[in-house]
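Those protein sequences? They're chains A and B, same order as listed.
Counted from 1, the first sequence has number 463 at position 463 by my numbering; the numbering is strictly sequential.
Counted from 1, the second sequence has number 673 at position 129 by my numbering; the numbering is strictly sequential.
Positions of the beta carbon are idealized from the N, C-alpha and C atoms, including for glycine.
One structure below.
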Amino acid sequence: MVLAEGGHDVTILEKGRNYFSELVSARPGTVFSNDELKSDRNFAEADPIAEPRVFRTSPSDAHPFVGSVQALPQTVGGGAVHWDAKTPRYWDIDFKKLSLLGPITGAAIEDWPFSYDEIAPAYSEIETLIGVQGDVAALPELTLSHAPRSGSFPMPPGPAQYSSLVVAKGCERIGLHPFPAAMAINSRAYDGRPVCNNCGFCSDYGCPIVARIGALAPLRRALLAGAELSDRSWVVSIEWSGRRATGVSVMDESGRRHSLSADLVVVGANPIETVRLALLSRLPDPHGATGRHLMFHWFTDGSGIFFDERLHAYRGRDHTHDIDDFADPDFPGARKAANAAGLPYFRAGKVEMGGSDRPLGEAQEYQQILSYVEPHKPFGTAFKQLMRASLLRDRLLGLVLMGEDLPYPTNLVDLDPVHRDFRGLPVPRVTYSPGRYELAAQAFYMPWLTKMLDAAGAQVSIAVPQQSSSRFPISAGNVPQTDHMMGGMRMGTDPATSVTDATGRHHQLDNVFIADGSVFPSSGGHNPTLTIMATALHNARQWL
Amino acid sequence: MRSLERRQVLKTASLAGLGLLLPPELLRAAPSPRDAEDVAGRGRWLVFTAHQAAVVEEATARLIPGPLDDPSERGHPGAREADVTRYIDTMLGALSLSPAKVFAGGPFSNRAGNPSDDMAEFIGLTPGQAYGWKRRIAGWRHQYSVGIASLDRAAGGSFIRATAAERDAVLARNEEGFVSLLFAHAIEGMYSNPEYGGNAGLVGWRDIKFPGDVQPRGYSDAEVSRSDGPDRYEPAGAAAKLLNLIKISNGR
Chain A
1 MVLAEGGHDV TILEKGRNYF SELVSARPGT VFSNDELKSD RNFAEADPIA EPRVFRTSPS
61 DAHPFVGSVQ ALPQTVGGGA VHWDAKTPRY WDIDFKKLSL LGPITGAAIE DWPFSYDEIA
121 PAYSEIETLI GVQGDVAALP ELTLSHAPRS GSFPMPPGPA QYSSLVVAKG CERIGLHPFP
181 AAMAINSRAY DGRPVCNNCG FCSDYGCPIV ARIGALAPLR RALLAGAELS DRSWVVSIEW
241 SGRRATGVSV MDESGRRHSL SADLVVVGAN PIETVRLALL SRLPDPHGAT GRHLMFHWFT
301 DGSGIFFDER LHAYRGRDHT HDIDDFADPD FPGARKAANA AGLPYFRAGK VEMGGSDRPL
361 GEAQEYQQIL SYVEPHKPFG TAFKQLMRAS LLRDRLLGLV LMGEDLPYPT NLVDLDPVHR
421 DFRGLPVPRV TYSPGRYELA AQAFYMPWLT KMLDAAGAQV SIAVPQQSSS RFPISAGNVP
481 QTDHMMGGMR MGTDPATSVT DATGRHHQLD NVFIADGSVF PSSGGHNPTL TIMATALHNA
541 RQWL
Chain B
545 MRSLERRQVL KTASLAGLGL LLPPELLRAA PSPRDAEDVA GRGRWLVFTA HQAAVVEEAT
605 ARLIPGPLDD PSERGHPGAR EADVTRYIDT MLGALSLSPA KVFAGGPFSN RAGNPSDDMA
665 EFIGLTPGQA YGWKRRIAGW RHQYSVGIAS LDRAAGGSFI RATAAERDAV LARNEEGFVS
725 LLFAHAIEGM YSNPEYGGNA GLVGWRDIKF PGDVQPRGYS DAEVSRSDGP DRYEPAGAAA
785 KLLNLIKISN GR
């Protein structure tokens, strides 16, 4: 958008397909729909057989996983096609973590090249562009003190989800501070697009009525300014010589390659694919910094089960309320618990409150559970009774706690030496495990999730880490699937410890710019997409 | 079993008879491809032999029983009524159709106020998707072929001639994990959008009070924000065991 409107001839190359029509109109058409099976079958993501990724917890991991790892949509619109569009801002202490919170042994804690105050105008501009709902008056003092706002949100909050209201009341009873989540979903007609009609297929689903425009809003502006969009165009390498990129090599859907020359190359493929492209292109990397300091957010799930009523969390926008209390390094008891774990401080992050599962996901859970509780006949009427009682869907109130990930040099993306995708290119390999910081914060806040659910009136409450670890070996899974990805091409002033400069420009190549979450020096404790967009906007203004 | 086969024959015959009376345009707009295929006299299944289909139908009816399969499911349709076998056969034969029947279209079905069913028009695969689904389906077809034979063998020669108790015992043994795969697919056929071939008459969604896809109507603000009122559930059976398991794990 910035480059096209600044007079550059821009070609936008997207590997995946375009599932929208009339992208230059206010309200594009789409083939996304309320269809759980389509989502389960990875309609918008890379097929995990054709394009797997490799995941291991460490270089000595004897059983690397091959398949779907942190798969985001591979389509026009990218990750902002498939989200429930929660758009909190990062906090001042995220941008100046080293200065304001201090170092942590083993982690490469750094300040961002800019402060909260410096990026705040870009936040406001993006919030207006994509249409964010929220209520400044309802934001807790804590949130406003770390992320001050100069004006109101472009739209007021939409209808609160019943399940979110139930747990919000419970939170208030125990001294926590719930508020309507900021989200880039229309609570009224906005910019030519309709109000959200609460269909409930939000997170993991493209919006069938485009009441959630996301990255298509700046894309539209770019197209109106003359940019050309080419989907099914997979950039497989950046061609370069000396300190300059000369263009890119593009593969079309039939597998044929051609070259495109360019004065300026901007990469926004998400951390894992951007790093992969840098490595496939053998971009100069004298200090071996490319791909390091990868961060995901260390998630913990809470589930409350209600016997007295159905909570119908399938209506609405996944969830509508958050708390920020656990993102505060000075939450009561947190410093002391951190010190006991040998840390100067720790933070978790925001809690999303009120979501649940859908029928296929629920049924798959019962299939697993029945093999434990009814081993002699793990099917039949018992299964159908579970589905009708719906303890794990219609009577379930879900919480998701985001945990801030620290940047560790050992958490990284590189190219897998063995596995290749269906075009013969090496696939990305992710090496990632949490450190003491993430695990100590999780251990401290996990009991809070059950406390919140108990206070909300759940008859049964449970909290479980999303991913297993040395500390909590039994959990929901072994492979991170948080969809939050940061780092790998981090910004910084020192080329020895960062890959890109203070504006996302590659330290070694003067006309290569990175414009996705891979430039983040720290992960924050909130959903990253708004900050990805604001950072890209803030940086791009300095490239011209 | 035999009554089921007769039922199917009757259904097919009556539809074929009806077909003769209808103009061809209406047949093309017939509600399900099954009916259209039957009328046209083509094979009833894309992939299954008649025997394989019968075994899958009877096995999935034990996994997700309906009123014909378990007296306690009276009023609660199961895999048989949802046409789960059709779903599985369609999935295993998805690549023989054009466009491949893997990803239903959008944005709307005709179930919530849209005049036509956009979901009935499937979306063509990308080369990567085609590559993945070709291998995925080839693997499944092999598993079904071997797995169905193993169900027959474990039932002493014929699964569909075994008693309900014998079928349950065979399924609980889950040889080579085939029953896990079959159950996972039966779940999809039971509770997915009907355009994929299962959830016939939306019986899967209705049984669990799930409205399914609701676009473009959506839900009103009141439906989102208000309680639906008391709906007391007394834990019993497997649910009580599940809750107990949670309590034990919380105590650890």
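* On the three-state DSSP scale, how would you describe VAL479 of chain A? -> coil
* Asked: Under 7 Å Cβ-Cβ, which residues of chain A neighbour GLY672 of chain B?
  -> ALA46, ASP47, ALA50, GLU51 and PHE422
* To do: Could you check the C-alpha separation between LEU264 of chain A and PHE55 of chain A for me, to the nearest Å?
  => 33 Å
* Is VAL266 of chain A near SER518 of chain A, with beta carbons less than 9 Å apart? -> no
* Asked: Counting only beta-carbon atoms, is ARG193 of chain A nearer than 9 Å to chain B?
  -> no
* Asked: Hey, quick one: how far does the beta strand (DSSP E) through THR593 of chain B stretch, first residue to last?
  -> Note, THR593 of chain B: premise wrong, no beta strand (DSSP E); not H, not E.
* Asked: Which ranges would you report for the beta strand (DSSP E) in the region 411-461 of chain A if only whole runs of at least 3 residues count?
  -> 412-420 and 426-431
* Contact list for the region 461-477 of chain A against chain B, Cβ threshold 9 Å -> SER461, ILE462, ALA463, VAL464 and ILE474
* Asked: Who are the Cβ neighbours of PHE153 of chain A in its own chain at under 8 Å, not counting the five residues just before and after it?
  -> GLU127, VAL132, GLN133, GLY134, ASP135, VAL136 and ALA182
* Asked: What residues match up with LEU509 of chain A in a beta bridge as DSSP calls it?
  -> DSSP output for LEU509 of chain A lists no bridge partner at all.
* **Exposure of THR593 of chain B, with buried meaning 16 or more beta-carbon neighbours within 10 Å** => exposed
* Asked: How would you call SER640 of chain B, buried or exposed, if buried means at least 16 neighbouring beta carbons within 10 angstroms?
  -> exposed
* Asked: At which residues does the alpha helix (DSSP H) containing THR274 of chain A begin and terminate?
  -> 271-280
* Under 7 Å between beta-carbons, which chain A residues line up against LYS785 of chain B? List them in chain order, please. => VAL373
* To do: Tell me, please, whether the region 619-629 of chain B touches the region 717-733 of chain B by the rule of three or more beta-carbon pairs shorter than 8 Å.
  => yes
* **Straight-line Cα distance separating PRO157 of chain A from GLU321 of chain A** => For the record, residue 321 of chain A in the displayed sequence is His; it is not Glu. Each residue's alpha carbon lies about 10 Å from the other.
* To do: Using a cut-off of 8 Å between C-beta atoms, extract the partners of SER771 of chain B located in chain A.
  => TYR162 and GLU309
* Which residues bound the beta strand (DSSP E) around TRP240 of chain A? -> 234-241
* May I ask you to report which of helix, strand or coil DSSP gives GLY676 of chain B? => helix
* Asked: Do three or more CB pairs link the region 478-488 of chain A to the region 63-70 of chain A at distances below 8 Å?
  -> yes
* **Simplified DSSP state of GLU491 of chain A, which is helix, strand or coil** => Note on identity: in this sequence residue 491 of chain A is Met, with Glu being the wrong assignment. Strand at MET491 of chain A.
* To do: Determine the DSSP secondary structure at LYS791 of chain B, reduced to helix, strand or coil.
  => helix
* Interfacial residues, the region 19-36 of chain A to chain B, with Cβ spacing under 7 Å -> THR30, VAL31, PHE32, SER33, ASN34, ASP35 and GLU36
* Quick one: residues in its chain with C-beta nearer than 6 Å to the C-beta of LEU530 of chain A, no 5 flanking neighbours on either side, listed in chain order? => THR87
* **Inter-stretch contact (C-beta, 8 Å, three-pair minimum) for the region 32-52 of chain A and the region 211-225 of chain A** => no
* Quick one: does ALA620 of chain B have its CB under 9 Å from some CB of chain A? -> It is worth fixing the name first, because residue 620 of chain B is His in this sequence and not Ala. Answer yes: the Cβ-Cβ gap between HIS620 of chain B and chain A drops below 9 Å somewhere.
* Identify the contact partners of HIS312 of chain A in chain B, using a Cβ-Cβ distance below 7 Å as the criterion. => ASP772
* Close beta carbons around ARG347 of chain A, own chain, < 6 Å, minus the five adjacent residues each side -> ALA327, PRO329, GLU404 and GLY525
* Per-residue DSSP class, three states only, for ARG17 of chain A -> strand
* Does the beta-carbon of HIS376 of chain A have 16 or more other beta-carbons within 10 angstroms, so that it is buried, or is it exposed? -> exposed
* Where the region 245-269 of chain A meets chain B: residues whose CB sits under 8 Å from a CB there -> GLU253, SER254 and GLY255
* To do: Rounded to whole angstroms, what's the CA-CA distance from ALA160 of chain A to PRO178 of chain A? Just pull it up for me.
  => 12 Å
* Asked: Rounded C-beta distance between ALA456 of chain A and GLY170 of chain A? I'm assuming under 8 Å.
  -> 3 Å
* To do: Less than 8 Å between the CB atoms is what I'm expecting for GLY622 of chain B and ILE608 of chain B, so what's the real figure, rounded?
  => 5 Å
* Residue span of the beta strand (DSSP E) that contains ASP301 of chain A, given as start and end -> 300-305
* To do: Give the single residue among B:ASP772, B:GLY619 and B:ASP613 whose Cα lies nearest to the Cα of ARG750 of chain B.
  => B:GLY619
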